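Okay, structure first, notes after.
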């Protein structure tokens, strides 16, 4: 039986965002601050960095004095590498005894100076994006229990946030649910999961099947999504996750003002209706009853007085509950799920 | 610049198919015998094996006497592992100085007895399914030259054979084409390629972009397909390959008598029309002009007198050239491509 990746991180954390210029790629750091701010002591930024996690700036030396236990690499750039100029700080933290936590495609063990520093101090090097061995190939055989998968019109568009918010709203409504992490930040938050985009391509759907195993009939797995079916770089991950998750329902995640793919500006975002339709058509292969159960929209860049109108109009057009989870929570989606399935 | 995987195998070959019971999984061995029979000395089968490559049976000792230079593991089982009982023969061949060639997900280097035997004799251990390092993420940016991708209603349904046959027909018609291998057998035959199903999931489309780079306007890459968009285990590989290949045309590969997925008998095959339609809809994301340019059908299990009728009826229904490449070649598809694109 394949086991999920498990991690147990020691708080408090210092979150490294270095000198990134686009907040989209600080999503690991932002996710941890949003959901576990009580575990975060500060952020480590280099001169001129204008991205901001909303926690105190702190050098490695200051973090040592403040009792920080882990340095988390808080970014997820395209391709998953760390800029060369960051390694001196990572090595300094490891030498000072902080665990180094990395969710990128690189492996900390491949950086000898960091390995040596960690060995000398007793710090741990924790690669969160290491899939377990012996993953199975997906079977597509129907599993018991219910599943809802986050999907998106783009990457970095709120799928993880929406999953956590929906899980929270389900719990508040007295439902039996589990958040299922499929990416590095989700795994850091949940303490377990499986980094679906880091598995060997033949095993994507099989890994997704491991993530949401058989369960009680009234149990809901709330599955973090990855990528987008319409993304020229990452669509394979998204389709394998869709087929392997065999979701009963999916929540479409969107940004109200995004017109082109983030970092792939030569591609328009798909329309919401196309996105819903294609997920239904493709998802029916492993769950004929699949349907969209709500739309989760980041409306933060809309003028405040336009947000409610935007969501109301979208809800009228689609016949689905439409929420900004940061403002409204996901109660409306939970109500819709209860009406459809209970 | 990422380089393709290259292999240079020494003939003659002994092909190991052991005791498999389903010819579908001997596709590596069958492919080599079909396309490079002059390089094959024999097959190594265990007692009771009824699968047959159509070449002489040969033990390792007999192969040594016959001057065999390489033992090729000729099977591709689900999940990509070798049965425990086969390793003694592999070790014996390595000890006798034969190169061991493996296209599975396992790595020969992980089997100490084989490594020791090869070191002692000077034999090479060649893992064909090892993707190159530093693969890029797919960009979706339009490349020059033309591309035709094989797709299928199922796995193991003739995609590699169709690509090789179409490439051959294009050459005979005086066109400028290259066969692009995406799987282990194709790489063994072509001497280079990239095992698309063995790359890390985030890099599937990027790997596909490396496989068919910019080229002359009149050049055709004939790209071996993998899996199926409708396969519950492997669809992620297929969609990433589709998006990364940005094909101008695709050839749909099918088996006239197959009703359910091979090895996944709880799934019906998709209909040919659904399969064409979904590839067009999804493929338009990276090539808006994508279209189906032909259907390649394995009719070997139809009664001989029904074959022509079957293909004629299918051609009438779809308006596309329909061939059994083993019987008819792919000339009709080449003619259609010339009409559409030249």
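Residue numbers (this note's numbering), protein chains in the order written: chain A, 7 to 348; chain B, 7 to 348.
Each residue gets a CB set at the ideal place from its N, CA and C atoms; glycine is no exception.
Please read all numbers here as calculations on a predicted model, not as lab measurements.
Exercise for the section: For the alpha helix (DSSP H) containing residue 121 of chain B, list its first residue and its last residue. Expected result: 118-127
Practice task
Let me know if residue 317 of chain B comes out buried or exposed under the rule of 16 or more other beta-carbons within 10 Å of its beta-carbon.
Solution key: buried
Handout entry: Short-range partners of chain A found in the segment 289-300 of chain B, where Cβ spacing is below 9 Å
Key = 291, 292
Handout entry: Nearest candidate by alpha-carbon position, reference residue 193 of chain B, set B:210, B:230, B:222, B:215
Key = Of B:210, B:230, B:222, B:215, the residue nearest in Cα terms is B:230.
Handout entry: residue 215 of chain A versus A:251, A:102, A:186, A:237, residue with shortest Cα-Cα distance
Key = A:251
Exercise for the section: Using a Cβ-Cβ cut-off of less than 9 Å, give me the residues of the segment 239-251 of chain A that come near chain B, in sequence order. Expected result: 239, 240, 241, 242, 243, 244, 245, 246, 247, 248, 249, 250
Handout entry: Interface partners of residue 146 of chain B on chain A, CB under 9 Å
Key = 237, 238, 239, 267, 270, 272, 273
Problem - Spatial distance of residue 93 of chain B from residue 145 of chain A (CA atoms) - result: 27 Å
Practice task
Anything in the segment 198-209 of chain A with a Cβ closer than 7 Å to a Cβ of chain B? List those residues in chain order, please.
Solution key: 202, 203, 204, 205, 206, 207, 208
Exercise for the section: For residue 84 of chain A, return the contacting residues in chain B, with the cut-off set at a CB-CB distance below 8 Å. Expected result: 143
Problem - Spatial distance of residue 290 of chain B from residue 168 of chain B (CA atoms) - result: 23 Å
Exercise for the section: Can you pull the chain B residues whose beta carbon is under 8 Å from the beta carbon of residue 111 of chain A, in chain order? Expected result: Ordered by position in chain B, the residues that pass the 8 Å Cβ test against residue 111 of chain A are 206, 208.
Problem - When A:306, A:158, A:151 are compared against residue 220 of chain A, the one with the closest alpha-carbon - result: Measuring from the Cα of residue 220 of chain A, the nearest candidate turns out to be A:151.
Practice task
Give the DSSP-derived three-state secondary structure of residue 210 of chain A in the structure shown.
Solution key: helix
Practice task
For chain B, find out if any of its Cβ atoms is closer than 8 Å to the Cβ of residue 115 of chain A; answer yes or no.
Solution key: no
Practice task
Can you tell me which of the three DSSP states residue 232 of chain B falls into?
Solution key: Residue state, collapsed to three classes: coil.
Practice task
Please name the residues in the segment 210-227 of chain B whose beta-carbon is closer than 7 Å to at least one beta-carbon of chain A, in chain order.
Solution key: 210, 211, 212
Exercise for the section: Compute the Euclidean distance between the alpha carbons of residue 115 of chain A and residue 18 of chain A, then round it to the nearest angstrom. Expected result: 23 Å
Practice task
Would you kindly work out how many angstroms separate the C-alpha atoms of residue 173 of chain A and residue 228 of chain A, rounded to a whole number?
Solution key: Looking at the two C-alpha atoms, the distance is approximately 6 Å.
Exercise for the section: Name the residue from A:9, A:271, A:232, A:198 whose alpha carbon lies nearest to the alpha carbon of residue 166 of chain A. Expected result: Closest option to residue 166 of chain A, Cα to Cα, is A:232.
Exercise for the section: State the DSSP-derived secondary structure class of residue 195 of chain B, mapped to helix, strand or coil. Expected result: helix
Practice task
Can you tell me which of the three DSSP states residue 240 of chain B falls into?
Solution key: coil
Problem - Residues of its chain near residue 10 of chain B, where Cβ-Cβ distance is below 8 Å and the 5 sequence neighbours each way are ignored - result: 138, 198, 199, 200, 216, 217
Handout entry: Cβ pair count under 8 Å reaching 3, the segment 286-302 of chain A against the segment 243-258 of chain A
Key = Short answer: they touch.
Practice task
Could you pull out every residue in the same chain whose Cβ sits closer than 7 Å to the Cβ of residue 275 of chain B, ignoring the five residues on either side in sequence?
Solution key: 159, 160, 264, 265, 266, 267
Practice task
Count the other CB atoms, across all protein chains shown, that sit within 10 Å of the CB of residue 141 of chain A; report buried if there are 16 or more and exposed otherwise.
Solution key: buried
Problem - Bounding residues of the alpha helix (DSSP H) (the contiguous stretch that carries residue 13 of chain A) - result: Annotation: residue 13 of chain A is outside any alpha helix (DSSP H) and is labelled neither H nor E by DSSP.
Handout entry: contact_flag[the segment 322-336 of chain A, the segment 40-56 of chain B] where n(CB pairs < 8 Å) is 3 or more
Key = No, because fewer than three Cβ pairs between the segment 322-336 of chain A and the segment 40-56 of chain B fall closer than 8 Å, the two stretches do not touch.
Handout entry: Per-residue burial, residue 348 of chain B [other beta carbons within 10 Å of its own, 16 or more giving buried]
Key = exposed
Handout entry: Whole-angstrom distance between residue 314 of chain A and residue 235 of chain A, CA atom to CA atom
Key = 28 Å
Exercise for the section: Give a single yes or no on whether residue 86 of chain A has its beta carbon closer than 7 Å to a heavy atom of the ligand SAH. Expected result: Among the ligands in the structure shown, none appear at all, so the ligand SAH cannot be discussed.
Problem - Closest by C-alpha distance to residue 262 of chain A, when choosing among A:310, A:133, A:298, A:272 - result: A:310
Problem - CB contact flag (residue 162 of chain A, residue 207 of chain B, <8 Å) - result: no
Problem - Separation of residue 100 of chain B from residue 78 of chain A, as counted between CA atoms - result: If you draw a straight line from the Cα of residue 78 of chain A to the Cα of residue 100 of chain B, it is about 46 Å long.
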